[in-house]
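> For reference, the structure I am asking about is given below.
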Amino acid sequence: RKEVEQDPGPFNVPEGATVAFNCTYSNSASQSFFWYRQDCRKEPKLLMSVYSSGNEDGRFTAQLNRASQYISLLIRDSKLSDSATYLCVVRNSGYSTLTFGKGTMLLVSP
Amino acid sequence: DAGITQSPRHKVTETGTPVTLRCHQTENHRYMYWYRQDPGHGLRLIHYSYGVKDTDKGEVSDGYSVSRSKTEDFLLTLESATSSQTSVYFCAISEGDPDLNTEAFFGQGTRLTVV
Numbered sequence: 007r008k009e010v011e012q013d014p015g016p017f018n019v020p021e022g023a024t025v026a027f028n029c030t031y032s033n034s035a036s037q038s039f040f041w042y043r044q045d046c047r048k049e050p051k052l053l054m055s056v057y058s059s060g061n062e063d064g065r066f067t068a069q070l071n072r073a074s075q076y077i078s079l080l081i082r083d084s085k086l087s088d089s090a091t092y093l094c095v096v097r098n099s100g101y102s103t104l105t106f107g108k109g110t111m112l113l114v115s116p
Numbered sequence: 124d125a126g127i128t129q130s131p132r133h134k135v136t137e138t139g140t141p142v143t144l145r146c147h148q149t150e151n152h153r154y155m156y157w158y159r160q161d162p163g164h165g166l167r168l169i170h171y172s173y174g175v176k177d178t179d180k181g182e183v184s185d186g187y188s189v190s191r192s193k194t195e196d197f198l199l200t201l202e203s204a205t206s207s208q209t210s211v212y213f214c215a216i217s218e219g220d221p222d223l224n225t226e227a228f229f230g231q232g233t234r235l236t237v238v
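Just so you know, the protein sequences line up as chains A and B, in that order. The first sequence begins at 7 in this note's numbering and counts up one residue at a time. The second sequence begins at 124 in this note's numbering and counts up one residue at a time.
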């Protein structure tokens, strides 16, 4: 089983739609969780960290379910500029390295 | 944006030649990483460093070596480039304390083509 798994998509949604991505991780000792965004041919950039209690940043909401070992990202009121690949990222306890999922592509159309 | 500079940004090289990629940071972060990104594989860790002259292997380290003689510089060397090393290489930095929820910041990437 891959350490971090994501549905590759693409998710095709119209502007204004709500879309959700899930990510599962295999190591129960994983400690820190993040969502990164990567535009085509660009570097990944941090979108948001994911906290145990869940957290929100504007139109973006991240949730963590430790019991089921999955992380989710909800995007409300999608914008054209949200079109990108969203990477789920996990850091295991006691380690300084990050493990990346392969990413989920989102395409928002007018 | 975090101060990370990768050089060169693009390179074409021939099979069998050595290649060195440079990552330079101005953030004084302890941890530095080299990843490669390929279609269908996502980002995979090659090597990382947790201090000057302290390095360790990642998931795909074969054929690569690294050096960190100064906090700000992390070099990735392909000892004898092969076509399978054609990829986009990203450097990343992090304050990296495993007990903190610290993220990594990425450089703009180096597109390497081995012909």
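Glycine included, every Cβ here is placed at the ideal spot set by N, Cα and C.
Out of curiosity, what's the CA-to-CA distance linking F17/A and T91/A?
Numbered from 1 along the first sequence, position 11 holds the residue referred to as residue 17/A. Numbered from 1 along the first sequence, position 85 holds the residue referred to as residue 91/A. Going from the Cα of F17/A to the Cα of T91/A covers about 10 Å.
> Run down chain B in chain order and give the residues with a C-beta less than 7 Å from the C-beta of F104/A.
The count along the first sequence starts at 1 and reaches residue 104/A at position 98. Position check: residue 104/A holds Leu in this sequence, whereas Phe was assumed. Result: A227.
> Taking CB distances under 8 Å as the criterion, tell me whether P50/A reaches chain B.
Within the first sequence, numbered from 1, the residue matching residue 50/A stands at position 44. True, the Cβ-Cβ gap to chain B drops below 8 Å.
> Give a yes or no on whether the minimum CB-CB distance between S58/A and chain B is below 8 Å.
The residue you call residue 58/A lines up with position 52 of the first sequence. It does not; no Cβ of chain B falls within 8 Å.
> Can you name, in chain order, every residue of its own chain whose Cβ lies under 8 Å from the Cβ of T178/B, other than the five neighbours on each side?
Your numbering for residue 178/B matches position 55 in the second sequence. Correct list, in chain order: H170, Y171, S172, V189, S190, R191.
> Please go through the same chain and pick out, in chain order, the residues whose beta-carbon is closer than 6 Å to the beta-carbon of Y156/B, but skip the five residues on each side of it.
Stepping through the second sequence from its first residue, residue 156/B is reached at position 33. So the qualifying residues of the chain are Y171, A215.
> Alpha carbons only, please: which of L80/A, L70/A, S87/A is nearest the one belonging to S59/A?
Sequence index remark: in the first sequence, residue 59/A carries index 53 (1-based). Minimum Cα distance to S59/A is reached at L70/A.
> As a quick exercise: from G22/A, P14/A, E9/A, G15/A, pick the residue whose alpha carbon is nearest that of L86/A.
In the first sequence, the residue the question calls residue 86/A occupies position 80. Of the candidates G22/A, P14/A, E9/A, G15/A, the one whose C-alpha sits nearest the C-alpha of L86/A is G22/A.
> Under DSSP, the beta strand (DSSP E) around G139/B begins and ends at which residues?
The residue labelled residue 139/B in the question sits at position 16 within the second sequence. Where G139/B is concerned, there is no enclosing beta strand (DSSP E), given that its DSSP letter is neither H nor E.
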